[in-house]
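Following: one structure in structure tokens, then a few remarks.
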């Protein structure tokens, strides 16, 4: 590795020549928004949120897949980039049914975080409302494609870290969707090791542990009478 | 195999020829117009007339004028018949020795034929694409022999650079520069890939070349492989071209058998094999990184470049990717010299270009003209203008990634730079003529629907952006759009251009942007009356399909 120096947002930064712009910026404490990037697995440059401007080129470059070079001058937060990022988040929100209030990942969702950061307060494009069915066939986990943003983190972590390659992408264009094995129900998968890496890697509520959803919450109404009686009788053990 | 062996094959082929040849187009356009039945009928008619000894009925590649197929050409008389039916064949055979046939005669003095400059298509309609001997008789594989025996790889690259040839797949990257990069990259294994995944609406140039002259592509690839130091080649043919695939397969087998491919070609130390790969019908697989993923058995999605294939291509090894027409240009360039080729065309766009002329034009078909020929010459002279008394409105060039050149710019020189200045592109060479009945917004919607269908779905701008642009265009067509829709449309087009991962998404807005540039009033006409606003609650859409 050879050390190189570059400028990111007017700051001189040093990095290894095999580093990506994203890594170099991160090391220097400059945050670039990402969604498909996940530390430890290969970058694919799919979500395009980490696009940056490089001086001397009219093109935009994905910071996660572009290597640094000596003397490179990078801008990560220009008006053009902010405009594009905001519209891309709007596109993602319009693509599936991202209704935060009833989502298992509400408050723990990277798409939600990015939308707040980008200042998305409404979506200008039409909601597409696709009808995907949930897959709850797995004994430990669940998949709700309506929350999926197709970042393929589950695909990569399952392939590159677990080595199972249970997940993949099926379909094309707007009909793309994640599948397990050859589009069999997740619970029937012969390759899934139930390791949960895909659930951990998922940035939204698309993959979750069973029992985590609001709908699965069970109320034991019989306890109510017990609590009332217990207070009166001062008996706290049933 | 050596040069004398090649010459003896050519000699035998020429000697076995009969005094008269009736050539019948066997490319897909004419096949669709029942040329196979015409060929069978011609052979029967020749037998019935007892003329088997003097008349040869030959299936050949594209004769050009696809709109008038099936086409039959009688040699050496130089007479061509069009729209031939099996009922015409007796009179055609009878007229071989003179006299008049009842079959409709094509006017070979028409500019459609006279203004052509065939280099890539020089054998098209002349050789039998299913017989290597027919190609060898026209001097085929001789250039490969001379290259292997008399030139160093560096000299071959220099000659290609000197020719000024630019990639005919669409981007127009200098071919010599690409070859030089691959040649200079050090690796234990390199390969050459022919991109035959032509998929633009209205484009059929590469298909015609593969169906008409498959050996030309093999020879071009072998020369390229020698120049860059590769020993393996792949031709990635789209699955919708079964005839092209069959002919290439036959051609590879024939060349293998004669030792023109395989080990120690022409007894030189050079080994080169070619394998075919069939694409499963995904337009994005024409993008080089997606194509390579597909060859490797992976999902055909593009990846960010760099690294470019020249550095890390198939299986991470240096890979030279050119398209069909680029390879087909190589043998004549090496045979006649780079300087000869560079003298044709314009200052920056050298040589000739094959176009598939289609749409609202009298003569549709395959043409090859020098770069710099004006669009007017192509449409009005060669294509014989717009039929049915209508006026020309625009010419769509460059396929789904291209743009529309309005009739007011019809005198534009057709070359890479001039088309780009008008907001369009050369692309692979599709040329769709549009008359004044064309709804330009609807046309843009058609191309956007194509791009949305063909998007691989990997990156957000392309996957969702094309679908959203398509839905906006639907609103314009239905005259329900608002001013904010127009603003949003332009913003989405800008996003796709700037932020998409590969050329498909980056160029998908071109038809919209070019129609907006020249026909904005049609978009404005698609807006709803003043005061109309978009509803906050809409009916659920069905764009996404269930998993």
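Residue numbers (our numbering), protein chains in the order written: chain Z, 1 to 238; chain U, 239 to 785.
We put the beta carbon where it would ideally sit given N, CA and C, even for glycine.
Assuming contact is defined by CB atoms lying nearer than 8 angstroms, are residue 415 of chain U and residue 475 of chain U in contact in what I supplied? Locating residue 415 of chain U in the second chain gives position 177, where the first residue counts as 1. Locating residue 475 of chain U in the second chain gives position 237, where the first residue counts as 1. Result no, Cβ atoms of residue 415 of chain U and residue 475 of chain U do not sit closer than 8 angstroms.
At least 3 beta-carbon pairs within less than 8 angstroms: the stretch 377-385 of chain U vs the stretch 520-533 of chain U: The stretch 377-385 of chain U vs the stretch 520-533 of chain U: no contact.
Taking the alpha-carbon positions, what's the residue 369 of chain U to residue 450 of chain U distance? Sequence index remark: in the second chain, residue 369 of chain U carries index 131 (1-based). Sequence index remark: in the second chain, residue 450 of chain U carries index 212 (1-based). The alpha-carbon atoms of residue 369 of chain U and residue 450 of chain U are separated by roughly 11 angstroms.
For residue 22 of chain Z, count neighbouring Cβ atoms within 10 angstroms of its own Cβ and tell me buried if that reaches 16, exposed if not. Within the first chain, the letter at position 22 stands for residue 22 of chain Z. Under this definition residue 22 of chain Z is a buried residue.
From residue 239 of chain Z to residue 74 of chain Z, what distance separates their C-alpha atoms? Here chain Z has residues from 1 to 238 only, and residue 239 of chain Z is not among them.
Please confirm if residue 48 of chain Z has its CB atom under 8 angstroms from at least one CB of chain U. What you label residue 48 of chain Z is simply residue 48 of the first chain in a count that begins at 1. Output row for residue 48 of chain Z: interface = yes.
Pairing CB atoms from the stretch 327-342 of chain U with CB atoms from the stretch 270-290 of chain U, are three or more of them under 8 angstroms? They touch, by the three-pair rule.
So with Cβ pairs under 8 angstroms, would you call residue 701 of chain U a contact of chain Z? Numbered from its first residue, the second chain carries residue 701 of chain U at position 463. Cβ-Cβ to chain Z under 8 angstroms: yes for residue 701 of chain U.
CA-to-CA distance, residue 720 of chain U to residue 461 of chain U, given in whole angstroms: What you label residue 461 of chain U is simply residue 223 of the second chain in a count that begins at 1. What you label residue 720 of chain U is simply residue 482 of the second chain in a count that begins at 1. C-alpha of residue 461 of chain U to C-alpha of residue 720 of chain U: approximately 57 angstroms in a straight line.
Go to residue 241 of chain Z, then tell me how far its alpha helix (DSSP H) extends in each direction, as first and last residue. Outside the shown range of chain Z (1 to 238) lies residue 241 of chain Z, about which nothing can therefore be said.
Does any residue of chain Z bring its CB to less than 8 angstroms from the CB of residue 750 of chain U? The residue you call residue 750 of chain U lines up with position 512 of the second chain. Output row for residue 750 of chain U: interface = no.
Once you ignore the five residues that flank residue 452 of chain U on each side, which residues in its own chain have a CB closer than 7 angstroms to its CB? In the second chain, counting from the first residue as 1, residue 452 of chain U sits at position 214. Once the five neighbours on either side are set aside, the close Cβ partners of residue 452 of chain U are 367, 485, 486 and 489.
Identified DSSP bridge partners for residue 549 of chain U: The residue labelled residue 549 of chain U in the question sits at position 311 within the second chain. Among the bridge pairs identified by DSSP, residue 549 of chain U is matched with none.
Going along the chain, which residues of the stretch 169-192 of chain Z sit with their C-beta nearer than 9 angstroms to a C-beta in chain U? So the close ones are 169, 170, 171, 172, 173, 174, 175, 176, 177, 178, 179 and 183.
Whether residue 425 of chain U touches residue 556 of chain U by CB criterion (8 angstroms): Position 187 of the second chain, counting from 1, holds the residue named residue 425 of chain U. Position 318 of the second chain, counting from 1, holds the residue named residue 556 of chain U. Yes, these two residues count as a Cβ contact at 8 angstroms.
Below 7 angstroms on C-beta distance, what does residue 25 of chain Z contact in chain U? Residue numbering aside, residue 25 of chain Z sits at position 25 when the first chain is read from its first letter. Neighbours of residue 25 of chain Z in chain U, taken as residues whose beta carbon is under 7 angstroms from its own, are absent, since the nearest beta carbon is some 17 angstroms off.
Rank U:240, U:246, U:276 and U:295 by C-alpha distance to the C-alpha of residue 257 of chain U and give the top, closest one. Position 19 of the second chain, counted from the first residue, corresponds to residue 257 of chain U. Per the C-alpha coordinates, the member of U:240, U:246, U:276 and U:295 positioned closest to residue 257 of chain U is U:295.
Can residue 448 of chain U and residue 276 of chain U be called in contact, C-beta distance under 8 angstroms? Walking along the second chain from the start, residue 448 of chain U turns up at place 210. Walking along the second chain from the start, residue 276 of chain U turns up at place 38. Result no, Cβ atoms of residue 448 of chain U and residue 276 of chain U do not sit closer than 8 angstroms.
Tell me which residues share the same chain as residue 656 of chain U and place their Cβ nearer than 6 angstroms to its Cβ, disregarding the 5 neighbours each side in the sequence. As a first step, residue 656 of chain U must be located in the second chain, where it is residue number 418. Its chain contains 650 as the residues whose beta carbon lies nearer than 6 angstroms to that of residue 656 of chain U, once the 5 sequence neighbours on both sides are disregarded; these appear in chain order.
Pick from U:309, U:442, U:324 and U:577 that is closest to residue 401 of chain U, judged by C-alpha positions: Reading the second chain from its first residue, position 163 is the one you call residue 401 of chain U. In terms of Cα proximity to residue 401 of chain U, the closest of U:309, U:442, U:324 and U:577 is U:577.
With H, G and I counted as helix, E and B as strand and the rest as coil, what does DSSP make of residue 218 of chain Z? For the purposes of this step, residue 218 of chain Z is taken as the residue at position 218 of the first chain. Looking at residue 218 of chain Z - three-state DSSP - the assignment turns out to be coil, as it is neither helix nor strand.
I need the straight-line Cα distance from residue 633 of chain U to residue 156 of chain Z, nearest angstrom please. On the second chain, position 395 is the one that residue 633 of chain U refers to. On the first chain, position 156 is the one that residue 156 of chain Z refers to. Each residue's alpha carbon lies about 44 angstroms from the other.
Can you tell me whether residue 126 of chain Z is helix, strand or coil according to DSSP? Here residue 126 of chain Z refers to the residue found at position 126 when the first chain is read from its first residue. Coil, per DSSP.
Which of the three DSSP states is assigned to residue 135 of chain Z in this structure? Here residue 135 of chain Z refers to the residue found at position 135 of the first chain. Three-state result, residue 135 of chain Z: strand.
Would you say residue 95 of chain Z lies against chain U (beta-carbon separation less than 8 angstroms)? Residue numbering aside, residue 95 of chain Z sits at position 95 when the first chain is read from its first letter. Residue 95 of chain Z counts as touching chain U.
So, does the CB of residue 695 of chain U fall closer than 8 angstroms to a CB anywhere in chain Z? As a working mapping, residue 695 of chain U is identified with position 457 in the second chain. Yes, residue 695 of chain U counts as interfacial toward chain Z.
Could you tell me whether the Cβ atoms of residue 678 of chain U and residue 549 of chain U are closer together than 8 angstroms? By 1-based counting over the second chain, the position of residue 678 of chain U is 440. By 1-based counting over the second chain, the position of residue 549 of chain U is 311. In this structure, residue 549 of chain U does not lie closer than 8 angstroms to residue 678 of chain U by Cβ.
Pairwise C-alpha distance: residue 531 of chain U and residue 618 of chain U: For the purposes of this step, residue 618 of chain U is taken as the residue at position 380 of the second chain. For the purposes of this step, residue 531 of chain U is taken as the residue at position 293 of the second chain. For residue 618 of chain U and residue 531 of chain U, the gap between their C-alpha atoms comes out near 42 angstroms.
Using a Cβ-Cβ cut-off of 7 angstroms (strictly less than) and excluding sequence neighbours within five positions of residue 198 of chain Z, which residues of its own chain qualify? By 1-based counting over the first chain, the position of residue 198 of chain Z is 198. Taken in chain order, the residues that qualify are 154, 157, 158, 167 and 207.
Have a look at Z:142, Z:58 and Z:120 and flag the residue whose alpha-carbon is nearest the alpha-carbon of residue 204 of chain Z. On the first chain, position 204 is the one that residue 204 of chain Z refers to. When C-alpha distances from residue 204 of chain Z are compared across Z:142, Z:58 and Z:120, the shortest belongs to Z:142.
Between the CA atoms of residue 741 of chain U and residue 19 of chain Z - distance to the nearest angstrom: In the first chain, counting from the first residue as 1, residue 19 of chain Z sits at position 19. In the second chain, counting from the first residue as 1, residue 741 of chain U sits at position 503. The C-alpha of residue 741 of chain U is placed about 25 angstroms away from the C-alpha of residue 19 of chain Z.
Since residue 594 of chain U and residue 667 of chain U should fall inside the 8 angstroms C-beta cutoff, what is the C-beta to C-beta distance between them, to a whole number of angstroms? The residue labelled residue 594 of chain U in the question sits at position 356 within the second chain. The residue labelled residue 667 of chain U in the question sits at position 429 within the second chain. Residue 594 of chain U to residue 667 of chain U, Cβ: 6 angstroms. Contact.
Contact the stretch 296-303 of chain U vs the stretch 242-262 of chain U: 3+ CB pairs below 8 angstroms: Yes, they touch.
What is the DSSP secondary structure of residue 804 of chain U, reduced to helix, strand or coil? As displayed, chain U neither begins before 239 nor continues past 785, which places residue 804 of chain U out of reach and without an answer.
Amino acids of chain U, ordered along the chain, whose beta-carbon sits closer than 7 angstroms to that of residue 160 of chain Z: Reading the first chain from its first residue, position 160 is the one you call residue 160 of chain Z. Listed along chain U, no residue sits closer than 7 angstroms to residue 160 of chain Z by beta-carbon distance, the nearest being about 14 angstroms off.
Starting from residue 444 of chain U, trace the alpha helix (DSSP H) in both directions and tell me its first and last residue. Within the second chain, residue 444 of chain U is the residue found at index 206, counting from 1. Unbroken alpha helix (DSSP H) run through residue 444 of chain U: 443-450.
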